[in-house]
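Residues are numbered in my numbering as their position in the sequence shown, beginning at 1, plus a constant of 2. The beta-carbon is built from N, C-alpha and C at its ideal position, and this holds for glycine as well. Below is one structure, written out as C-alpha cells, with a few remarks after it.
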Amino acid sequence: MTIRPTAYEFFAGGGLAGLGMAGLGMAAGIDTVFANDMDPAKARAFVSNHPHIPFRLGDVWSLTLDDLPGRPDLAWASSPCQDVSLAGARAGLEAGRSGAFWGFWRLMQGLADQGRAPRVIVLENVIGLLTSGQGRDFAAVCTAMAQAGYRVGALEMDTALWLPQSRPRLFVVAIKGAGPEAAGPAAPFHSPRLVAAQARLPQAVRDAWAWWSLPVPPKRNLDLAALLEPDEAADWLDDPQAILALAGPAHRVRIDQAVASGGRQVGAAYRRVRIENGVKVQRLEVRFDGLAGCLRTPAGGSSRQYVVVCDQGRARVRRLTGREAARLMGLPEDYRLPSSESAALKLTGDAVAVPVVRALTEGLLSPALGPRRAAA
Ligand SMILES: C[S@@+](CC[C@H](N)C(=O)[O-])C[C@H]1O[C@@H](n2cnc3c(N)ncnc32)[C@H](O)[C@@H]1O
3 MTIRPTAYEF FAGGGLAGLG MAGLGMAAGI DTVFANDMDP AKARAFVSNH PHIPFRLGDV
63 WSLTLDDLPG RPDLAWASSP CQDVSLAGAR AGLEAGRSGA FWGFWRLMQG LADQGRAPRV
123 IVLENVIGLL TSGQGRDFAA VCTAMAQAGY RVGALEMDTA LWLPQSRPRL FVVAIKGAGP
183 EAAGPAAPFH SPRLVAAQAR LPQAVRDAWA WWSLPVPPKR NLDLAALLEP DEAADWLDDP
243 QAILALAGPA HRVRIDQAVA SGGRQVGAAY RRVRIENGVK VQRLEVRFDG LAGCLRTPAG
303 GSSRQYVVVC DQGRARVRRL TGREAARLMG LPEDYRLPSS ESAALKLTGD AVAVPVVRAL
363 TEGLLSPALG PRRAAA
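Structure below.
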C-alpha cells in the first residue's frame with residue numbers, strides 16, 4: 003500500500019498551492035498537513051475551504067519546530083513578493099516583509115537539525131527575485147539551499163500557458179536526490195533572464211545547480227471571454243468614456259479598432275500611473291489578446307482590473323469581479339471566497355495559479371519524491 007507524500011504550506015494565503023499539489027483526482031498528489039499565514043481574512047478562507055488541514059494564523063517568525071507535525075516530504079513557501087516585485091520598490095529579500103523568507107528558512111534549518119528535513123523545498127516568487135539587490139537575493143536563497151545539501155534549480159512559469167492570464171512567476175526548487183533534469187536550459191521554463199541570473203551565481207551554487215525539466219502543456223484553448231459573467235449579469239460603468247479617455251494614443255487605437263471590427267471583442271485593462279514628459283499621468287492600458295493582465299492586489303496601490311467589451315459599435319466597461327479573478331487563478335467554482343470583493347481580490351491577486359502548481363507537481367515534484375510506502 004502506498005500513501006501520498008505530505009507538505010507544509012507556508013505563506014499559504016487561500017491555499018492555492020496546496021490545491022495544486024493535491025490535484026483533484028490526481029493519483030500522484032501531495033497532501034498539505036500544516037499551513038501558516040498571518041492574514042486573518044485569508045486564514046478564514048483557508049480554514050473554510052480546508053477544514054481538515056491544521057492551520058496556524060500568525061507571523062512565520064512566531065512559529066517553533068514544535069508547531070510542525072511529523073516529517074514532511076516537501077515544504078512550500080510563497081513568500082511575500084512586494085519588496086522584490088518588478089512593479090514595486092526593490093528593497094530586496096532581506097528587507098521588510100520579504101525578510102519573512104528567512105523566518106521560513108530558519109524552520110527548515112531546525113527541521114534538518116532534528117533529522118526531519120523535507121526532501122523537496124519550493125520557493126515561489128516574482129520574477130524580480132532574479133535581479134533584486136543586483137542578484138544578491140537570488141544568490142542568497144540558492145546558496146542557503148545548496149549549503150543545506152540540496153540540488154537547486156528554478157523555472158519561470160507563466161500562468162498564460164494554462165489559463166487566460168499573463169502571470170510569470172519564478173519557482174526555485176531544491177531537491178535532495180534526483181529529479182527529472184535536462185542537460186541544459188530549455189525553453190519555455192528556463193527563460194533567458196533565468197539563464198542570465200544562473201550564470202551570475204557563485205560557482206559553488208552552480209555546482210549544485212540542476213536544470214529541472216517539465217513537460218510543456220498542450221496549447222491552451224480557453225480565453226478570457228470564456229471565464230466572464232454573462233453581460234446581462236454584469237455591473238457596467240454608467241460613464242465608460244470617463245475611463246476610456248485615459249487611454250494613450252496606442253491603446254486608443256486598439257479600442258477604436260475593436261469597436262470598428264463589428265464583432266464582439268473582449269479586452270482587459272488597468273489604470274496605471276506613467277511618467278510622460280516628466281509628469282505623472284493616469285493611463286488606461288488595454289489588451290485584446292484573449293488574456294487578462296496579471297492580477298494584482300488592491301493593497302499594492304494598483305487599480306482594479308477592468309473588462310472592456312466592444313460590440314454593436316460601442317465599448318462598455320466594468321470592473322473584473324472577485325469570482326472572475328478566482329477563475330483566472332484556476333480555483334473551482336465551489337471555492338468559498340471572502341464575502342467582501344476587496345478581500346476576494348486580495349486573496350486571488352496574491353496567489354499562485356492552481357494549474358501551474360499542479361503541472362509542477364505532476365512533472366517534477368511528485369516524480370522527485372516517488373511513491374511513499376506505508377509501514378506494513
Ligand atoms: C504571495 S502571497 C502567497 C499566497 C498563497 N501562495 C496563495 O496561493 O494563496 C504571500 C502571503 O504571505 C503572507 N505573509 C506575509 N508575511 C508573512 C509573515 N511574516 N508570516 C506569515 N505569513 C506572511 C501574506 O499574508 C500572504 O498571504
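Would you kindly check if the distance between the Cβ of residue j and the Cβ of residue i is under 9 Å?
i           : j           : result
residue 47  : residue 339 : yes
residue 358 : residue 211 : no
residue 310 : residue 257 : yes
residue 297 : residue 157 : no
residue 252 : residue 270 : no
residue 12  : residue 43  : no
residue 31  : residue 6   : yes
residue 4   : residue 242 : no
residue 114 : residue 142 : no
residue 181 : residue 153 : yes
residue 330 : residue 226 : yes
residue 292 : residue 268 : yes
residue 1   : residue 125 : With the chain covering only 3 through 378, there is no way to say anything about residue 1.
On the CB-based measure, 16 or more other CB atoms within 10 Å of its CB, does residue i come out buried or exposed?
i           : result
residue 134 : buried
residue 314 : exposed
residue 388 : Because the chain in this structure spans residues 3 to 378, residue 388 falls outside the shown range and cannot be described.
residue 66  : exposed
residue 171 : buried
residue 379 : Here the chain has residues from 3 to 378 only, and residue 379 is not among them.
How many Å lie between residue i and residue j at the Cα?
i           : j           : result
residue 63  : residue 217 : 36 Å
residue 10  : residue 233 : 41 Å
residue 273 : residue 239 : 15 Å
residue 203 : residue 228 : 42 Å
residue 334 : residue 206 : 43 Å
residue 159 : residue 105 : 25 Å
residue 365 : residue 262 : 44 Å
residue 136 : residue 107 : 21 Å
residue 317 : residue 246 : 9 Å
residue 276 : residue 101 : 29 Å
residue 155 : residue 287 : 35 Å
residue 49  : residue 244 : 41 Å
residue 2   : residue 192 : Absent from the model: residue 2. The displayed extent of the chain is 3 to 378, so no value can be given.
Looking only at its chain, what residues have a beta carbon closer than 6 Å to the beta carbon of residue i, apart from the 5 residues adjacent to it on each side?
i           : result
residue 123 : 77 and 176
residue 346 : 324, 339 and 340
residue 87  : With a pLDDT of 41 at residue 87, under the threshold of 50, the predicted position of this residue should be treated as unreliable, though the coordinate-derived value follows. Same-chain partners within the cutoff: 128 and 130.
residue 2   : For the chain, the structure presents residues 3 to 378; residue 2 sits outside this window and is missing.
residue 57  : 37, 48 and 49
What is the C-beta distance between residue i and residue j, in whole angstroms, given that I count them as a contact (C-beta under 8 Å)?
i           : j           : result
residue 17  : residue 52  : 5 Å
residue 289 : residue 306 : Not really, about 16 Å apart at Cβ, beyond 8 Å.
residue 213 : residue 179 : About 16 Å; that fails the 8 Å criterion.
residue 81  : residue 127 : 6 Å
residue 353 : residue 15  : 5 Å
residue 371 : residue 121 : 6 Å
Could you name the residues of the same chain whose beta carbon sits closer than 8 Å to that of residue i, not counting the 5 residues immediately before and after it, in chain order?
i           : result
residue 72  : 8, 35 and 118
residue 231 : 323, 325 and 326
residue 40  : 59, 60, 61 and 62
In chain order, what residues of the same chain have a beta carbon less than 7 Å from the beta carbon of residue i, not counting five sequence neighbours either side?
i           : result
residue 280 : none
residue 237 : 320
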